[in-house]
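K.L.:
Please see the structure below; I have some questions.
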Amino acid sequence: MHEYKLLFTGTMGAGKTTAIGAVSDSAPLVTDVLNTDASVAKARTTVGLDFGQFTLDNGDRVRLFGTPGQSRFDFLWKILAKNALGLVILADNSRPDPLADLTVYLDGFREELATLPCVVGVGRLDSHASPNLDDYAALLAQRGLVLPLLPVDVRRRDDVVLLIDTLLAQLEAHLYEDENHDDAE
Amino acid sequence: MTTLSEASKTRAQNEVQRLLYDVSTVRAVVLATIDGFDIASAMRDELEPARIAAMASSISAISEVVSQEARLGRGKCVTLDTEEGFALVHAVHHPQVPLVVNVIAGKDAILGQITYRVTQLARSLAEI
Numbered sequence: 001m002h003e004y005k006l007l008f009t010g011t012m013g014a015g016k017t018t019a020i021g022a023v024s025d026s027a028p029l030v031t032d033v034l035n036t037d038a039s040v041a042k043a044r045t046t047v048g049l050d051f052g053q054f055t056l057d058n059g060d061r062v063r064l065f066g067t068p069g070q071s072r073f074d075f076l077w078k079i080l081a082k083n084a085l086g087l088v089i090l091a092d093n094s095r096p097d098p099l100a101d102l103t104v105y106l107d108g109f110r111e112e113l114a115t116l117p118c119v120v121g122v123g124r125l126d127s128h129a130s131p132n133l134d135d136y137a138a139l140l141a142q143r144g145l146v147l148p149l150l151p152v153d154v155r156r157r158d159d160v161v162l163l164i165d166t167l168l169a170q171l172e173a174h175l176y177e178d179e180n181h182d183d184a185e
Numbered sequence: 001m002t003t004l005s006e007a008s009k010t011r012a013q014n015e016v017q018r019l020l021y022d023v024s025t026v027r028a029v030v031l032a033t034i035d036g037f038d039i040a041s042a043m044r045d046e047l048e049p050a051r052i053a054a055m056a057s058s059i060s061a062i063s064e065v066v067s068q069e070a071r072l073g074r075g076k077c078v079t080l081d082t083e084e085g086f087a088l089v090h091a092v093h094h095p096q097v098p099l100v101v102n103v104i105a106g107k108d109a110i111l112g113q114i115t116y117r118v119t120q121l122a123r124s125l126a127e128i
């Protein structure tokens, strides 16, 4: 049995806690508190970490960690990213500038993105069509990144599972490349 | 209501300042909202209140879930005992705005004294 640690990050309100809760086998551990930031219409916000886990059909276990979204908690981003095998960045397309939001996490996880598989999930695309996925892809390309981009509704378990499957597929591809590279040497 | 009035913030600042003056081994006192915004602070060292506030909020929230998991009731205080002193993160059960106060003390500090004063401070801040 393998164990995978995956990390969910992204804008405050993008649905990291909801995503983890949607797939976790047991009640997720959450550190939500009263939100006092009047600039964001949200009753509660994560200030520590989220944690959930679920078991794949083959018995492998996936441990899911979520970061706080606000950059004042960036000291936790590094702590939570340790030993992670993949990164999910969630964007909220209803925000004033979702591409600028994404940039915060691309910068904040620059070192991790150099080595870890990553997938970007874009929420609320149905109600807010702009920017579209091509705009996201263009932003990533400017930074030399080619990452899977998926429209998601994190309240739907299937959408979150798809994000995780996409990440695990990349992870297996990385492992395959590493093995082939070792064989070639 | 999720914010303190300006008058309450002034009273909080006075309380925080008083602890720093009264106890010479205290290096910094930061009062923060439970989601990590500093609202009053007093410092002897060059520390960033905004960062301390965010960290205090995280420590408090994580300790709260540990407390719940262990069925130990509502969290009150977390003590970090380090080579160079102590950091105490104490919940402030204000009826309108849940707060957290972080006190950093040097290595000459007496933990019992600091704990006693921080508990008193948290009680006073809960009534502002």
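Protein chains in written order, with the working numbering: chain A, 1 to 185; chain B, 1 to 128.
All C-beta atoms in this analysis are idealised placements derived from N, C-alpha and C, irrespective of residue type, glycine included.
Because the structure is a prediction, the values reported are computed rather than measured.
1) Under 7 Å Cβ to Cβ from Thr166(A), same chain only, skipping five residues before and after it: list those, please.
2) Given that Thr119(B) touches chain A, what residues does it touch there, using C-beta distances under 9 Å?
3) What are the residues in the region 64–81 of chain A lying within 7 Å of chain B by C-beta distance?
4) Measure from the C-beta of Arg51(B) to each C-beta in chain A and report whether the shortest distance is under 9 Å.
5) Taking only beta-carbon atoms, is Gly73(B) less than 9 Å away from chain A?
6) Beta-carbon within less than 7 Å of Arg61(A)'s beta-carbon, same chain only, minus the 5 sequence neighbours each way: which residues are those?
7) Considering only residues of the same chain and omitting the five flanking positions on each side of Gln17(B), which have a CB-CB separation below 7 Å?
8) Exposed or buried, Glu172(A), counting other C-beta atoms within 10 Å across all chains shown (16 or more means buried)?
9) Would you tell me roughly how many angstroms separate the C-alpha atoms of Ser8(B) and Pro68(A), rounded to the nearest one?
10) Can you tell me which of Leu140(A), Asp135(A), Val152(A) puts its alpha carbon nearest to the alpha carbon of Leu125(A)?
11) Taking 9 Å as the threshold (beta carbon to beta carbon), is Gly48(A) in contact with chain B?
12) Please classify Pro203(A) as buried or exposed, where buried requires at least 16 other C-beta atoms within 10 Å of its C-beta.
13) Unbroken beta strand (DSSP E) runs of length 3 or more, entirely within the region 100–165 of chain A: which are they?
14) Answer with yes or no whether the minimum CB distance from Arg86(B) to chain A is below 9 Å.
15) Please report how far the alpha carbon of Ala40(B) lies from the alpha carbon of Tyr176(A), in whole angstroms.
16) Is the shortest distance between the beta-carbon of Pro95(B) and the beta-carbons of chain A less than 9 Å?
17) Would you mind reading off the limits of the beta strand (DSSP E) that contains Arg44(B)?
18) Could you check whether the region 38–50 of chain A touches the region 59–70 of chain B, counting it as contact only if at least three pairs of C-beta atoms, one from each stretch, sit closer than 8 Å?
P.N.:
Straight from the coordinates:
1) Val119, Pro148, Leu150
2) Ordered by position in chain A, no residue passes the 9 Å Cβ test against Thr119(B), which lies about 21 Å from the chain.
3) Arg72, Phe73, Phe75, Leu76
4) yes
5) So no, Gly73(B) is outside the interface.
6) Met1, Glu3, Gln53, Thr55
7) Ala42
8) exposed
9) 28 Å
10) Val152(A)
11) For Gly48(A), the answer is yes, since a Cβ of chain B falls inside 9 Å of its Cβ.
12) The displayed coordinates of chain A run from 1 to 185. Any statement about residue 203(A) would go beyond what the structure contains.
13) 118–123, 149–152
14) Reading off the sequence shown, one finds Phe at residue 86(B), where the question assumed Arg. At a cut-off of 9 Å between C-beta atoms, Phe86(B) does not count as an interface residue with respect to chain A.
15) Rounded to the nearest angstrom, the two C-alpha atoms are 54 Å apart.
16) no
17) No beta strand (DSSP E) holds Arg44(B); DSSP gives it neither H nor E.
18) yes
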